[in-house]
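The next block holds one structure in the form of structure tokens; read it before the comments.
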Amino acid sequence: MSTEKNEKALVNLVDINKIFYTDEVETQALNGINLSINKGEYLSISGPSGCGKSTLLSLLGLLDTSSNGQYSLAGHDVSDLSRDERARIRNKEIGFVFQSFNLISDLSVEENVALPLTYRGDLTASDIQQRVTESLEKVEMAHRGSHFPSQLSGGQQQRVAIARALAGTPSIILADEPTGNLDSKNAQIVMNLLDKLHQEGVTICMVTHDPASAARASRMIEVFDGTIVADKATASASAIAV
Amino acid sequence: MSFWIDIKYAARLLLKKPLFALTSILIVAVGLGLTVYTYSMLNSLVFKPMTLNGDVPIYAIEAEYDHNHLSRRPADPFDLNRVKRDIDVVDDIGFYQDGTALFQDIEGKSGTVKFNASYVSWNVFEFSSTPPMLGRGFRESDQQKGAEPVVMLSYDIWRDYFDANEQVVNSLLTVEGEKMRVVGVMPQGYAFPMVAQAWLLLPPEFLAPVERGNQSVFGFMKLKSGVEFSEFERELDRVNPLIIQDIPEEFIWRLSDNGSYLRALDYKEASITQYYSIFIAMFIVVFLILILACINIGNLLLARVNERIKEVAIRVALGIPRTR
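Chains A and B, in that order, give the protein sequences.
Following the numbering used here, the numbering of the first sequence begins with 26 at its first residue and continues without gaps.
Following the numbering used here, the numbering of the second sequence begins with 49 at its first residue and continues without gaps.
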């Protein structure tokens with residue numbers, strides 16, 4: 026794999042390493058990761074448990090920092106930012122979708138979707154309301170705006186989580202096993218939604234165990250022992266190309 | 049919008065665990081209530097200087113505090129007069145003694161009644177800028193040799209022993225075996241220079257004694273407008289050694305163990321010298337109760353944080369700024 030920096034890429038990881046220290050034990054979670062993700066790409070990351078997928082997603086999401094290496098997002102070097110700067114970029118540039126939805130149970134659907142927007146400080150109440158409505162309409166959940174997460178099914182909660190990720194119009198959506206807690210019917214709905222978003226130009230990076238879900242991405246990456254062992258276009262990419 | 053979301057969220061959390069919310073609020077309310085109550089009480093009693101009706105602070109002047117017996121000590125009026133004469137910044141000075149007075153043959157009451165009384169210099173009511181509720185205050189002429197003895201009643205004994213009869217003013221009462229004319233009644237709650245049920249005048253020789261004697265009084269004074277207390281203290285430091293130097297052997301008992309004599313301090317501080325440490329100890333205890341309440345709340349909240357740790361992680365992932 027090339028260690029050259031791809032200037033046009035939305036995400037550019039160059040020679041990223043992540044080492045965890047627990048007492049006297051040193052664990053190399055990521056080892057020399059080089060990865061570029063272009064704008065509009067739909068990428069899946071798969072691999073066995075403990076291979077470093079989630080660590081890679083944490084680094085991509087600026088939830089953690091690498092031990093060394095360079096990470097640039099949307100043309101900006103984000104390798105050595107302070108915690109506050111990382112929080113600001115995470116809020117503006119990255120949307121998260123988690124396996125267990127992670128909606129806040131005491132906030133309504135609308136409030137959950139509005140939450141990341143309220144952290145920005147540069148949006149008016151009407152801007153926030155407009156974005157919330159648009160996002161919920163996109164995932165067909167606008168009619169449940171005043172409900173609380175406990176009143177929704179798993180699939181509906183995940184759609185709300187996707188709306189929350191979309192509301193801030195991020196550069197990339199990071200999805201960690203988005204269908205892991207869903208039955209097959211709801212999983213299908215969520216995957217269709219991600220496909221639709223991709224077709225609309227949203228950049229998606231998804232960690233998944235499920236080969237069928239991985240195959241829906243346009244590019245598939247396999248991680249093993251902290252190293253990218255495969256990086257290939259999928260059939261769906263060919264289909265899109267055709 | 050974020051403000052309203054936070055408010056609504058907080059309200060929902062409180063309603064979700066009403067017992068927890070009620071307990072927390074109650075603990076904080078008790079802790080804070082006790083502290084605020086004690087502080088406001090101490091502020092009135094201890095910290096705030098006494099000014100009575102004017103804005104001019106009042107100071108006490110007396111002999112050094114007796115640390116062996118934990119009591120205030122009066123001074124010779126001869127020496128207090130010298131302070132007034134030698135220190136130019138003193139505007140007005142007055143004297144008093146605390147004691148009791150026996151009232152006899154009060155109409156409708158049998159026997160003799162003993163009241164707490166303040167024996168004062170004639171200027172006490174003018175000094176405190178408080179006119180009597182009925183009648184007149186003391187005059188300088190009342191304290192002259194040969195003047196008719198006079199007495200001022202407090203509101204409480206006027207109400208309780210004289211049935212709030214306004215005719216009592218100008219009547220004659222037998223006080224300490226002597227006929228005295230009632231010149232007035234002070235307003236309810238008036239307690240200067242100390243709590244008393246009646247005010248009587250000091251004998252005239254206390255006001256301007258020509259030589260030292262065994263008579264002892266406490267002093268109250270005001271400084272001239274614009275004069276800082278520190279300025280007076282410097283003057284007192286200058287005059288005190290001169291007074292001490294002049295004290296003959298027979299009155300050496302007036303000096304404290306370390307040989308010092310007069311002291312001046314805020315009037316209120318002087319009045320509560322004996323109780324000051326009790327007040328401060330009380331405040332510390334109440335403050336410790338507040339800290340205890342905060343620790344309890346802290347522990348309760350810590351337990352809640354453990355429940356909310358996942359939510360915190362979600363908010364961090366969504367990019368919550370540190371200030372939120």
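Where a beta carbon is used, it is the ideal one built from N, C-alpha and C, also for glycine.
Who are the near neighbours of residue i in its chain, counting only those whose CB is closer than 7 Å to its CB and skipping five residues on each side?
i, result
"residue 27 (chain A)", "Below a pLDDT of 50, predicted positions are generally treated as unreliable, and residue 27 (chain A), at 47, falls in that range; the measurement from the model is reported next regardless. Answer for residue 27 (chain A): 59, listed in chain order."
"residue 198 (chain B)", "186, 190, 228, 229, 231, 249"
"residue 321 (chain B)", "113, 120"
"residue 160 (chain A)", "138, 188, 191, 192"
"residue 186 (chain A)", "122, 123, 126, 127, 128"
"residue 279 (chain B)", "137"
"residue 156 (chain A)", "142, 192"
Looking only at its own chain, which residues have a Cβ that is under 6 Å from the Cβ of residue i, when we skip the five neighbours before and after it?
i, result
"residue 297 (chain B)", "none"
"residue 105 (chain B)", "97, 99"
"residue 223 (chain A)", "67, 229"
"residue 245 (chain A)", "69, 239, 257, 259"
"residue 127 (chain B)", "291"
"residue 150 (chain B)", "160, 162, 224"
"residue 303 (chain B)", "309"
"residue 272 (chain B)", "137, 139"
Leaving aside the five residues before and after residue i along the sequence, list all residues of the same chain whose C-beta is less than 8 Å from its C-beta, in chain order.
i, result
"residue 154 (chain B)", "161, 209, 210, 221"
"residue 171 (chain B)", "140, 142, 186, 188"
"residue 172 (chain A)", "133, 134"
Does the Cβ of residue i have 16 or more other Cβ atoms within 10 Å, making it buried, or fewer, making it exposed?
i, result
"residue 265 (chain A)", "Because residue 265 (chain A) sits at a pLDDT of 49, beneath the cut-off of 50, its placement in the model cannot be relied upon, and the point is left open."
"residue 124 (chain B)", "buried"
"residue 45 (chain A)", "exposed"
"residue 267 (chain A)", "In this predicted model, residue 267 (chain A) has a pLDDT of only 41, less than 50, meaning its place in the structure is not dependable; the value taken from the coordinates is given anyway. Classification for residue 267 (chain A): exposed."
"residue 141 (chain A)", "buried"
"residue 286 (chain B)", "exposed"
"residue 258 (chain B)", "exposed"
"residue 284 (chain B)", "buried"
"residue 77 (chain B)", "exposed"
"residue 136 (chain A)", "buried"
"residue 117 (chain B)", "exposed"
"residue 242 (chain A)", "buried"
"residue 118 (chain A)", "buried"
"residue 51 (chain B)", "exposed"
"residue 15 (chain A)", "Since the displayed chain A opens at 26 and closes at 267, residue 15 (chain A) lies outside it and no answer follows."
"residue 110 (chain B)", "buried"
"residue 202 (chain B)", "buried"
"residue 36 (chain A)", "buried"
"residue 201 (chain A)", "buried"
"residue 236 (chain B)", "exposed"
"residue 254 (chain A)", "exposed"
Just to check my reading of the structure: residue i and residue j have Cβ atoms closer than 8 Å, yes? What is that Cβ distance to the nearest angstrom?
i, j, result
"residue 112 (chain B)", "residue 309 (chain B)", "6 Å"
"residue 91 (chain A)", "residue 163 (chain A)", "Not confirmed; about 33 Å, so no contact."
"residue 192 (chain B)", "residue 241 (chain B)", "Going by Cβ atoms, the distance from residue 192 (chain B) to residue 241 (chain B) rounds to 22 Å, so no, they are not a contact pair."
"residue 62 (chain A)", "residue 87 (chain A)", "That belief does not hold up - the Cβ atoms of residue 62 (chain A) and residue 87 (chain A) are roughly 14 Å apart, past 8 Å."
"residue 191 (chain A)", "residue 203 (chain A)", "The pair is not a contact, with the Cβ atoms about 13 Å apart (cut-off 8 Å)."
"residue 116 (chain A)", "residue 180 (chain A)", "The Cβ separation is near 26 Å, so there is no contact."
"residue 163 (chain B)", "residue 135 (chain B)", "Residue 163 (chain B) to residue 135 (chain B), Cβ: 35 Å. No contact."
"residue 319 (chain B)", "residue 122 (chain B)", "Their Cβ separation, rounded to whole angstroms, is 14 Å, which puts residue 319 (chain B) and residue 122 (chain B) out of contact at 8 Å."
"residue 368 (chain B)", "residue 144 (chain A)", "5 Å"
"residue 207 (chain A)", "residue 176 (chain A)", "Wrong, their Cβ atoms sit about 17 Å apart, outside the cutoff."
"residue 72 (chain A)", "residue 247 (chain A)", "5 Å"
"residue 330 (chain B)", "residue 148 (chain B)", "Not really, about 30 Å apart at Cβ, beyond 8 Å."
"residue 75 (chain B)", "residue 344 (chain B)", "5 Å"
"residue 250 (chain A)", "residue 76 (chain A)", "6 Å"
"residue 312 (chain B)", "residue 281 (chain B)", "7 Å"
"residue 131 (chain A)", "residue 316 (chain B)", "53 Å between Cβ atoms; not a contact."
DSSP puts residue i in a beta bridge; with which residues?
i, result
"residue 110 (chain B)", "B:311"
"residue 200 (chain A)", "A:122, A:231"
"residue 193 (chain A)", "Per DSSP, none; premise fails for residue 193 (chain A)."
"residue 247 (chain B)", "B:166, B:200"
"residue 227 (chain B)", "B:222"
"residue 243 (chain A)", "Bridge partners of residue 243 (chain A): none, in fact."
"residue 102 (chain A)", "A:97"
"residue 142 (chain B)", "B:268"
"residue 51 (chain A)", "A:46"
"residue 252 (chain A)", "A:249"
"residue 152 (chain B)", "B:160, B:222"
Taking 8 Å as the cut-off, is the CB of residue i close to at least one heavy atom of the ligand PLP?
i, result
"residue 240 (chain A)", "The ligand PLP is absent from the structure shown, which contains no ligands of any kind."
Counting Cβ pairs, one atom from each stretch, are 3 or more of them under 8 Å apart for the segment 164-176 of chain B and the segment 241-252 of chain B? Contact holds between the segment 164-176 of chain B and the segment 241-252 of chain B, because three or more Cβ pairs, one in each stretch, are under 8 Å apart.
Okay, do the segment 36-55 of chain A and the segment 68-82 of chain A touch, 3+ Cβ pairs below 8 Å being the bar? Because the criterion of three Cβ pairs below 8 Å is met, the segment 36-55 of chain A and the segment 68-82 of chain A touch.
With contact counted as at least three CB pairs below 8 Å, one residue from each stretch, are the segment 336-347 of chain B and the segment 94-114 of chain A in contact? As far as the Cβ criterion goes, the segment 336-347 of chain B does not touch the segment 94-114 of chain A, which means the pair count is below three.
Is the segment 78-98 of chain B touching the segment 361-371 of chain B in the sense that three or more CB pairs, one from each, lie closer than 8 Å? Segments in contact, no.
Using 8 Å as the threshold, is the segment 223-232 of chain A in touch with the segment 187-198 of chain A, meaning 3 or more CB pairs across them? Proximity of the segment 223-232 of chain A to the segment 187-198 of chain A meets the contact definition, three or more beta-carbon pairs being nearer than 8 Å.
Per the contact definition of three or more C-beta pairs closer than 8 Å, is the segment 119-127 of chain A in contact with the segment 341-355 of chain B? Note that the segment 341-355 of chain B does not touch the segment 119-127 of chain A; fewer than 3 beta-carbon pairs, one per stretch, sit closer than 8 Å.
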